[in-house]
Amino acid sequence: MEERQDFMIKEGLHQAMVFKLSHGASDLNVLRSILAKHLGTKGNCLIGLLAPRQILLRFDQYEDYVLALSRSVNYLLYNGEEHQCRVFPWSIGYNPKEETTLAVVWISLPDLSPDLFAKKFILSITSAVGKPIAIDKATQIKSRPSMARVKVILDLMEKHPNRIRLQFVDGKSGKLIEVFREIVYDNLPL
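According to our numbering, the stretch in the sequence shown is residues 760 to 949, in order.
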């Protein structure tokens, strides 16, 4: 599996997503000319046909990947018509004939101690729930100390905990302290 992960990174598939059109096979050349603009990408985006109505997009800039994944359902205007489409992360083992179980979701951590707002801690905490891909601006600049928000890739078939256990050693007493913090899922797809 590690070899596949290394290959995935070398080929740019770690920042790849599937763009799935709701109906109609469209001209790939037309899609190549309008998709990057539609998604607002700043860097390069490799676009290729994965299966009928399914386009594989590989981004060279992580910010473009995260921004594009933020649009779970949207409409693409071409040939004078609006076409509904969905985006979701590509993953090893993806089968175009099956529906994906992956979704991008914002999670909130209310009442998280301000000393845990460092990027390293936030990413570590949220990795227990899914794959963290972005931290919201208010959390980054620490302007909302009452709650941290992180965008994660979740597998909808897995259990999603409603709280997480945090453990740390008290600096004065040397005792192990354990606390539980709530996790709130924003707009979790059903």
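Glycine residues also receive a C-beta, built at the ideal position from the N, C-alpha and C atoms.
Predicted model only: the values in this text are computed from it and were never measured.
Does the Cβ-Cβ distance between alanine 955 and proline 855 come in under 8 Å?
-> Beyond the ends of the chain as shown, which are 760 and 949, falls residue 955; an answer cannot be given.
Is it true that the CB of isoleucine 881 sits closer than 8 Å to the CB of valine 943?
-> no
Cα-Cα separation between leucine 816 and arginine 845, rounded to whole angstroms | 13 Å
Nearest-angstrom Cα distance between tyrosine 821 and glycine 839?
-> 31 Å
Who are the near neighbours of asparagine 946 in its chain, counting only those whose CB is closer than 8 Å to its CB and skipping five residues on each side?
-> Val864, Trp865
Quick one: is glutamine 901 buried, meaning 16 or more other Cβ sit within 10 Å of its Cβ, or exposed?
-> Looking at the sequence provided, one finds lysine at residue 901 rather than glutamine. Classification for lysine 901: exposed.
Hey, which unbroken runs of the beta strand (DSSP E) at 3 residues or more fall wholly within the stretch 864 to 907?
-> 890 to 894
Reference phenylalanine 818, options Leu835, Leu826, Leu805, Val928, closest by Cα = Leu805
Closer than 6 Å by C-beta to histidine 842: which residues in its own chain qualify, once you throw out the five before and the five after it? Chain order, please.
-> Leu780, Leu835
Does the beta-carbon distance from isoleucine 923 to isoleucine 884 come in below 8 Å?
-> yes
What is the C-beta distance between tyrosine 853 and methionine 776, in whole angstroms, given that I count them as a contact (C-beta under 8 Å)?
-> Not confirmed; about 10 Å, so no contact.
Taking 8 Å as the threshold, find out whether the stretch 925 to 938 comes into contact with the stretch 888 to 899 through three or more Cβ pairs.
-> no
Unbroken alpha helix (DSSP H) run spanning isoleucine 748, endpoints = Since the first residue of the chain shown is 760 and the last is 949, residue 748 is not available in this structure.
Of the choices Arg830, Lys918, Gly933, Leu868, whose alpha-carbon is the least far from that of glutamate 800?
-> Looking at the sequence shown, residue 800 is not glutamate but threonine. With distances taken between Cα atoms, threonine 800 lies closest to Arg830.
Spatial distance of proline 948 from valine 911 (CA atoms) | 13 Å
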